[in-house]
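Colleague: Numbered by this note's numbering, the letters in the sequence shown go through residues 37 to 139 in order. Got a structure for you, written out below as C-alpha cells; questions coming shortly.
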Amino acid sequence: MKQLYGPAVAGLAAAALIALAPAGAAAESSGRNLALSCFSCHGPAGKSPDTIPGIAGKSAAFIAQEMIAFRDGKRKSSVMMRIGKGYTDAEIKALAGYISGLK
Ligand code: HEC
C-alpha cells in the first residue's frame, strides 16, 4: 500500500506546493534581491545614516513614482537617474513593495 500511494502522494504534495506558492512570494524575494543594491547608498535596510534620504518604510506608491520619475528624467539626480534606467516597471513595483515594508 505504502509503495503504491507514496509517490502519488508526494507528487500531489509537490503539485499543491507549486499551486499554492503565491505570486506575491516571488515578487517579495525578487524585491529583496533587487533592493540589496540600493542599501549601499540608502543605508542598511534602507535606513540612511547620512545625507542620502532613507527609503525604508516610505510608501510603495512614493518609491515607485520617484523611481519612474528618475528613470524617465522627470526628477533630476546625477545618480538616481542612472540607477532608475536599470529597472523595468515590474522590477520597480517589486522593489517598492519590498522597501515600503521595511521598518
Ligand atoms: C549610488 C548611490 C545610490 C544608490 C545605489 C541608490 N540610490 Fe536612491 N538615491 C541616491 C541619492 C543621492 C538620492 C537623492 C537624490 C536627489 O534628490 O538628488 C536618492 C534618492 C532616492 C529616492 C527618493 C527619496 C526621497 O525621499 O525623495 C528613492 C525612492 C530612491 N533613491 C530609491 C532607490 C532605490 C529603490 C535604489 C535601488 C534600486 C536606489 N535608490 C539606489 C543614491 C543612490
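Ideal placement from N, C-alpha and C gives every residue a C-beta, glycine not left out.
1) Applying the 10 Å Cβ sphere with the 16-neighbour rule, what's the burial state of residue 91?
2) My output table needs one value for residue 129: the three-state DSSP class, helix, strand or coil.
3) Compute the beta-carbon to beta-carbon distance between residue 99 and residue 73, rounded to the nearest angstrom, for a pair I have assumed lies under 8 Å.
4) Would residue 130 be called buried (16 or more neighbouring beta carbons within 10 Å of its own) or exposed?
5) Assuming contact is defined by CB atoms lying nearer than 8 Å, are residue 133 and residue 67 in contact in what I supplied?
6) Please find out if some non-hydrogen atom of the ligand HEC comes closer than 7 Å to the beta-carbon of residue 95.
7) Cα separation between residue 71 and residue 65?
8) Are the CB atoms of residue 120 and residue 106 within a distance shorter than 8 Å?
9) Return the CA-CA distance between residue 122 and residue 86, expressed in angstroms with no decimal places.
10) Could you please give the first and the last residue of the uninterrupted alpha helix (DSSP H) stretch that includes residue 118?
11) Cβ atoms of residue 109 and residue 103: under 8 Å apart, would you say?
Modeller: Answer, in terms of the structure:
1) buried
2) Correct three-state label for residue 129: helix.
3) With 8 Å as the limit, residue 99 and residue 73 do not qualify as a contact, their Cβ atoms being about 14 Å apart.
4) buried
5) yes
6) Taking non-hydrogen atoms of the ligand HEC into account, the C-beta of residue 95 is found less than 7 Å away from none of them.
7) 10 Å
8) Taking 8 Å as the Cβ cut-off, residue 106 and residue 120 qualify as a contacting pair.
9) CA-CA distance, residue 122 to residue 86, rounds to 24 Å.
10) 116–120
11) Between residue 103 and residue 109, the CB-CB gap reaches or exceeds 8 Å.
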